[in-house]
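Enquirer: If you're matching positions, the sequence shown starts at 989 in our numbering and goes up one per residue. Ideal placement from N, C-alpha and C gives every residue a C-beta, glycine not left out. Would you mind keeping the following structure in view while I ask a few things?
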Amino acid sequence: MISWSNIYCEAELYKAAVALYTRPIFNWKKALSSGVDQKNFYDFASVGLRGIDKIHRKLRRKSFQFGNAKKIDSQFNSRMREIYIYSWEDRLVDLALFRMLNQAMHHQFAQNSYAYRAQGFGIDCCQKDIVKTLHQHSSPHFLIKRDIVNYFGSIDHQILLDKLAQYIDPHDYLFKLLEQRVRFSYEDEAQTKVDSVVGVPFGTSIAGLLANIYFTKLDHQMKVIKGLKYFRYADDFLILCRDQKLFNLAKGLFADELIELKLTSKKSHEINLEIGESEYFDHLGVRFFGSGHTKLTVEKQRKIQNLFKYALRRKKSKILKIKDPHKRAKLAVTLIKEALEKGMRNVGIIDYYLRHSKDEAQLKSLDLWLAQLVLKFSLGNGNKKGNFKKISFQTLRKMGLPSLVHRRRLLAHSKIDSPFFIWNNHQKEKGAKAFHPH
């Protein structure tokens, strides 16, 4: 059994503090968010080590308790979600709890559970394993895809606590802390305290771990069925097999387990089909073919296009002030390059998608679209075929217009810096300008 005395030490709290302190570097808007105490990250950080030491002493005495959350409605991945915002003190302990317990329970989780795990898992690993499975096993494949309706908001408290009791003594302080995260309280828009009756607080670090524990039994059940390939990323499920009987068995087991967990599958997202080498299915932002070939989904391709569109639209008035079309094109190319190479959020999104696409024909069409976009802004006459006669593709390349095909090849050979190093270099450039303004 896992106990508080076995997993907690002061060093773990400070490791979590380092992780918490680095987040505002990449997203300063989150640093301004506050819980019911109305204190943002900078208020929390202003007390420095004294504040962390105070939390440590409470944890050592086993007297720390989580406060109430502030519930807000926020758009998350194109969906409205209920997000629970806690004080920064609570967020620090929550993150430390997640990191320590995730490490302690690492071997309890199945290898086919990829989300909210320790290093070595994640969405990249999940997608690579899917491709590997499709490559190793010849078509056709029987496929089952499932998604859960409001998963984090539907987790039954008593079922989850019973599952936690299998790993942690219910009388231990660790269990009592986790019980506060399961049976949590929050303030609604009218600032009225509400005790949750179902679900875990989406937006907290520990919520992902609790969600994994909830599905651990199902993960292991699917894992031991010979001939079945099972992949779970949070509440996105993919099951592959080459046998009709296994296909029916997996569907039945999955349906029975959802009933036991009091969860509901999204009918609009349910897929049961047989695919050949040239047929495909979309999963986690990637289009997988039965042959193992991959490309971007239409949605993700449009997302990349929108990032470049917005980069030019933001500077449209500046572009239009230039009368010479070639000079306009040069500025537009510079803006495209900056969006791809200096905008850290853009880099993270674009490079992630490029890393998982093997379809160079798709990327070549994106390169052509990118050139047409530059000409549209440079010549001001829409997407006309004759535009390339005025400013050729080769001219745009000489101006520095980037190629997504080439960038994907560089990513494949680890020739491009990570978003963190891009941010770090950007900060150095800003510092150099501050010291040498002329």
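Could you pull the DSSP bridge partners for Q1063 from this structure?
Expert: As a working note, residue 1063 is residue 75 in the sequence shown. In the DSSP output, where bridge partners are listed per residue, Q1063 has M1068.
Enquirer: Does T1010 come within less than 8 Å of chain C when only Cβ atoms are used?
Expert: This model lacks chain C altogether, as it is built from one protein chain only.
Enquirer: According to DSSP, is L1319 part of a helix, a strand, or is it coil?
Expert: Walking along the sequence shown from the start, residue 1319 turns up at place 331. Helix at L1319.
Enquirer: Name the two residues that bound the continuous alpha helix (DSSP H) containing C997.
Expert: Here residue 997 corresponds to residue number 9 of the sequence shown, with the count starting at 1. That residue, C997, is in no alpha helix (DSSP H); it is neither H nor E in DSSP.
Enquirer: Have a look at V1119, K1239, I1247, I1060 and flag the residue whose alpha-carbon is nearest the alpha-carbon of A1178.
Expert: Taking the sequence shown and counting its residues from 1, the one referred to as residue 1178 is at position 190. Nearest of V1119, K1239, I1247, I1060 to A1178, Cα basis: I1060.
Enquirer: Could you compute how far the alpha carbon of H1424 sits from the alpha carbon of S1075?
Expert: Along the sequence shown, one-based indexing puts residue 1424 at 436. Along the sequence shown, one-based indexing puts residue 1075 at 87. The predicted model places H1424 with a pLDDT of 47, which falls under 50 and marks its position as unreliable, so this point remains unresolved.
Enquirer: With respect to the beta strand (DSSP E) encompassing R1220, which residues constitute its N-terminal and C-terminal limits?
Expert: Within the sequence shown, numbered from 1, the residue matching residue 1220 stands at position 232. Here the beta strand (DSSP E) through R1220 covers 1217 to 1221.
Enquirer: Where are the alpha helix (DSSP H) runs, 4 residues long or more, that stay fully inside the stretch 1097 to 1147, in chain order?
Expert: Segments of the alpha helix (DSSP H) lying fully in the stretch 1097 to 1147: 1111 to 1124, 1139 to 1142.
Enquirer: So, using beta-carbon positions, are G1215 and L1241 closer together than 8 Å?
Expert: Residue 1215 sits at position 227 when you count from the first residue of the sequence shown. Residue 1241 sits at position 253 when you count from the first residue of the sequence shown. In this structure, L1241 does not lie closer than 8 Å to G1215 by Cβ.
Enquirer: Answer with buried or exposed for K1416, where buried requires no fewer than 16 other C-beta atoms within 10 angstroms of its C-beta.
Expert: Here residue 1416 corresponds to residue number 428 of the sequence shown, with the count starting at 1. Legend: pLDDT at K1416 = 45, less than 50; position of this residue unreliable, value from coordinates given subsequently. Exposed.
Enquirer: Using a Cβ-Cβ cutoff of less than 8 Å, which residues in the same chain neighbour A1106 once the five nearest sequence positions on both sides are dropped?
Expert: One-based indexing of the sequence shown puts residue 1106 at position 118. Same-chain partners within the cutoff: N1090, Q1091, H1094.
Enquirer: Measure the CB-CB distance between L1228 and T1322 and report whether it falls below 8 Å.
Expert: As a first step, residue 1228 is located in the sequence shown; it is residue number 240 there, counting from the start. As a first step, residue 1322 is located in the sequence shown; it is residue number 334 there, counting from the start. Result no, Cβ atoms of L1228 and T1322 do not sit closer than 8 Å.
Enquirer: My assumption, with CB atoms under 8 Å, is that G1196 sits in contact with Y1104. Please give the rounded CB distance.
Expert: Within the sequence shown, residue 1196 is the residue found at index 208, counting from 1. Within the sequence shown, residue 1104 is the residue found at index 116, counting from 1. Confirmed, Cβ separation roughly 3 Å.
Enquirer: Identify the residues that DSSP records as bridge partners of H1271: which are they?
Expert: For the purposes of this step, residue 1271 is taken as the residue at position 283 of the sequence shown. Looking at the DSSP assignment, H1271 forms a beta bridge with V1274.
Enquirer: Taking all protein chains shown into account, do 16 or more other C-beta atoms lie within 10 angstroms of the C-beta of Q1289, making it buried, or fewer, making it exposed?
Expert: Taking the first residue of the sequence shown as position 1, residue 1289 is located at position 301. Buried.
Enquirer: Have a look at L1284, L1361, C1114 and flag the residue whose alpha-carbon is nearest the alpha-carbon of E1348.
Expert: Taking the sequence shown and counting its residues from 1, one reaches residue 1348 at position 360. Checking every option, the nearest Cα to that of E1348 belongs to L1284.
Enquirer: Confirm, please, whether the CB-CB distance from D1144 to S1253 is below 8 Å.
Expert: Along the sequence shown, one-based indexing puts residue 1253 at 265. Along the sequence shown, one-based indexing puts residue 1144 at 156. No, they are not a contact pair.
Enquirer: Have a look at the DSSP bridge pairing and note the partners of D1183.
Expert: By one-based count along the sequence shown, residue 1183 stands at place 195. For D1183, which the question treats as bridged, DSSP gives the partners S1173.
Enquirer: Based on DSSP bridge pairs, tell me the residues matched to L1261.
Expert: Taking the first residue of the sequence shown as position 1, residue 1261 is located at position 273. L1131.
Enquirer: Alpha carbons only, please: which of S1353, I1071, A1238, Y1161 is nearest the one belonging to F1130?
Expert: Counting from one through the sequence shown, the residue named residue 1130 turns up at place 142. The shortest Cα separation from F1130 among S1353, I1071, A1238, Y1161 belongs to A1238.
Enquirer: Would you check if the distance between the CB atom of E1265 and the CB atom of F1277 is smaller than 8 Å?
Expert: In the sequence shown, residue 1265 corresponds to position 277, counting from 1. In the sequence shown, residue 1277 corresponds to position 289, counting from 1. In this structure, F1277 lies closer than 8 Å to E1265 by Cβ.
Enquirer: Can you tell me where the beta strand (DSSP E) with I1227 in it begins and where it stops?
Expert: Sequence index remark: in the sequence shown, residue 1227 carries index 239 (1-based). I1227 -> beta strand (DSSP E) spans 1224 to 1229.
Enquirer: Which residues share a DSSP beta bridge with T1282?
Expert: Looking up residue 1282 in the sequence shown gives position 294. T1282 is bridged to F1276.
Enquirer: Excluding the 5 residues flanking A955 on each side, which residues of the same chain have their C-beta closer than 7 Å to its C-beta?
Expert: A question about residue 955 goes unanswered here, because the residues of the chain that appear run from 989 up to 1426.
Enquirer: If I measure Cβ to Cβ from N1201 and keep anything under 6 Å in the same chain, skipping five residues before and after, which residues do I get?
Expert: As a working note, residue 1201 is residue 213 in the sequence shown. Looking at the sequence provided, one finds Ile at residue 1201 rather than Asn. Cβ neighbours of I1201 beyond the five flanking positions: K1151.
Enquirer: Going by DSSP, name the residue or residues bridged to I990.
Expert: Residue mapping note: residue 990 aligns to position 2 of the sequence shown, counting from 1. Per DSSP, I1156.
Enquirer: Using the DSSP secondary-structure output, state which residues sit across from A1057 in a beta bridge.
Expert: As a working mapping, residue 1057 is identified with position 69 in the sequence shown. The partner list for A1057 (beta bridge, DSSP) reads Y1174.
Enquirer: For S1266, which three-state DSSP category applies?
Expert: On the sequence shown, residue 1266 is found 278 positions in, with the first residue counted as 1. Coil.
Enquirer: Touching or not, the stretch 1303 to 1322 and the stretch 1268 to 1277, by the rule of three or more beta carbon pairs under 8 Å?
Expert: The stretch 1303 to 1322 vs the stretch 1268 to 1277: no contact.
Enquirer: Whose CA, out of N1138, Y1340, K1017, R1045, lies closest to the CA of G1187?
Expert: By 1-based counting over the sequence shown, the position of residue 1187 is 199. Residue N1138 is the option with its Cα nearest to G1187.
Enquirer: Hey, how far is the Cα of L1389 from the Cα of F1381?
Expert: Locating residue 1389 in the sequence shown gives position 401, counting from the first residue. Locating residue 1381 in the sequence shown gives position 393, counting from the first residue. Approximately 9 Å, taken between the alpha carbons.
Enquirer: Beta carbon of E1175, beta carbon of K1058: below 8 Å?
Expert: In the sequence shown, the residue the question calls residue 1175 occupies position 187. In the sequence shown, the residue the question calls residue 1058 occupies position 70. Result yes, Cβ atoms of E1175 and K1058 sit closer than 8 Å.
Enquirer: Would you call G1368 buried or exposed, if buried means 16 or more other Cβ atoms sit within 10 Å of its Cβ?
Expert: Position 380 of the sequence shown, counted from the first residue, corresponds to residue 1368. So G1368 counts as exposed.
Enquirer: Excluding the five sequence neighbours on either side, which residues of its own chain have a C-beta within less than 8 Å of the C-beta of Q1124, listed in chain order?
Expert: The sequence position of residue 1124 within the sequence shown is 136, counting from 1. Here the set comprises nothing.
Enquirer: Count the other C-beta atoms from every protein chain shown that fall within 10 angstroms of the C-beta of Y1341, then say buried if there are 16 or more, exposed otherwise.
Expert: One-based indexing of the sequence shown puts residue 1341 at position 353. By the 10 Å Cβ count, Y1341 comes out buried.
Enquirer: Using DSSP bridges, identify the partner residues of F1190.
Expert: By one-based count along the sequence shown, residue 1190 stands at place 202. Answer by DSSP bridge pairing, in chain order: T1192.
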